[in-house]
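Asker: Dumping the structure here so I can ask a few things about it.
Number of protein chains: 2
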Amino acid sequence: MTSEEAETAARMFKALGDPVRLRLFSAVASHEGGEACVCDISDVGVSQPTVSHHLKKLKEAGLLTSERRGTWVYYRVQPSVLAAMGRLLAGAPTGV
Amino acid sequence: MTSEEAETAARMFKALGDPVRLRLFSAVASHEGGEACVCDISDVGVSQPTVSHHLKKLKEAGLLTSERRGTWVYYRVQPSVLAAMGRLLAGAPTGV
DNA sequence: TGTCTATGTTGACGTCTATCGATGCAAGTG
DNA sequence: CACTTGCATCGATAGACGTCAACATAGACA
Chain A
10 MTSEEAETAA RMFKALGDPV RLRLFSAVAS HEGGEACVCD ISDVGVSQPT VSHHLKKLKE
70 AGLLTSERRG TWVYYRVQPS VLAAMGRLLA GAPTGV
Chain B
10 MTSEEAETAA RMFKALGDPV RLRLFSAVAS HEGGEACVCD ISDVGVSQPT VSHHLKKLKE
70 AGLLTSERRG TWVYYRVQPS VLAAMGRLLA GAPTGV
């Protein structure tokens, strides 16, 4: 595993390394239709700006995508990234 | 996903959320025999105390175990934890 | 016993991060 | 146009984190 690969992968793991973000991510992933608007998942015990902050982090890490439809903003997971992280953990290193 | 589950899982993801720790973990996981002494994997670009610090973090997160044999300390991965994280990412939520 | 090598621990320092209140922006509704 | 709702951004603050130098400890060997 090269230094660059480690940084890329670590960025994703780091994004899931916060309880609030993990719950938000799980909520989006398990929501009906594979997507959820912020109002559906914002009940994680923190204020609304904090939720927005964490969703932005998850988006920056490439784990979520967002789309505005009318009044609401819908978040959706990036399946390919999930698969890559799963492989990494399953014992199939990227390039070692 | 409850708050407690999120905290437990987030602690593991967080442990892998640092490039140095991810490289150390990958090095141990891919090393011959599934274990490695610190001298084998300490070439990650940081000082020796920092390596020790990160290995301690990984051990606290339950991702590694350590065993002293003579002069050297050998680290080994916890396979069950890996499988659990893999399942989490593969789309089999723990309790949602 | 003394010394060297291999690791772990401590203390300090600078940086990052999570959180909040206040505010701003977009879109629907009257 | 005014008002409300949903979400993002800004500024500030407290706490966590990564890193290193210095020191401590454990084992091997002469």
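Protein sequences appear in the order of chains A and B. Residue numbers for the first sequence follow our numbering, beginning at 10 and rising by one. Residue numbers for the second sequence follow our numbering, beginning at 10 and rising by one. Using N, Cα and C, we set each Cβ at its ideal position, and we do this for glycine too.
Since S75(A) sits in a beta bridge, which residues does DSSP pair it with?
Answerer: The residue labelled residue 75(A) in the question sits at position 66 within the first sequence. In DSSP, S75(A) forms a bridge with Y84(A).
Asker: Using CA coordinates, which residue listed in E14(B), S12(B), E13(B), A18(B) is at the minimum distance from L91(B)?
Answerer: Stepping through the second sequence from its first residue, residue 91(B) is reached at position 82. Closest by alpha carbon: A18(B).
Asker: Once you ignore the five residues that flank P88(B) on each side, which residues in its own chain have a CB closer than 8 Å to its CB?
Answerer: Taking the second sequence and counting its residues from 1, one reaches residue 88(B) at position 79. Closer than 8 Å at the Cβ level, and outside the excluded window around P88(B), lies no residue.
Asker: Can you tell me the Cα-Cα spacing of Y50(B) and A93(A), whole angstroms?
Answerer: Counting from one through the second sequence, the residue named residue 50(B) turns up at place 41. Counting from one through the first sequence, the residue named residue 93(A) turns up at place 84. First, the amino acid is wrong: residue 50(B) is Ile here, not Tyr. Each residue's alpha carbon lies about 24 Å from the other.
Asker: Spell out a yes or no on whether the region 20 to 34 of chain B and the region 17 to 31 of chain A are touching, meaning 3 or more CB-CB pairs, one atom from each, closer than 8 Å.
Answerer: The answer is yes - the region 17 to 31 of chain A touches the region 20 to 34 of chain B, with three or more Cβ pairs under 8 Å.
Asker: Measuring only the C-alpha atoms, how far is T59(B) from M10(B)?
Answerer: As a working mapping, residue 59(B) is identified with position 50 in the second sequence. As a working mapping, residue 10(B) is identified with position 1 in the second sequence. Distance between the alpha carbons of T59(B) and M10(B) is about 34 Å.
Asker: Just curious, the alpha helix (DSSP H) that A18(B) is in, first and last residue?
Answerer: What you label residue 18(B) is simply residue 9 of the second sequence in a count that begins at 1. From DSSP, the alpha helix (DSSP H) with A18(B) extends over 12 to 24.
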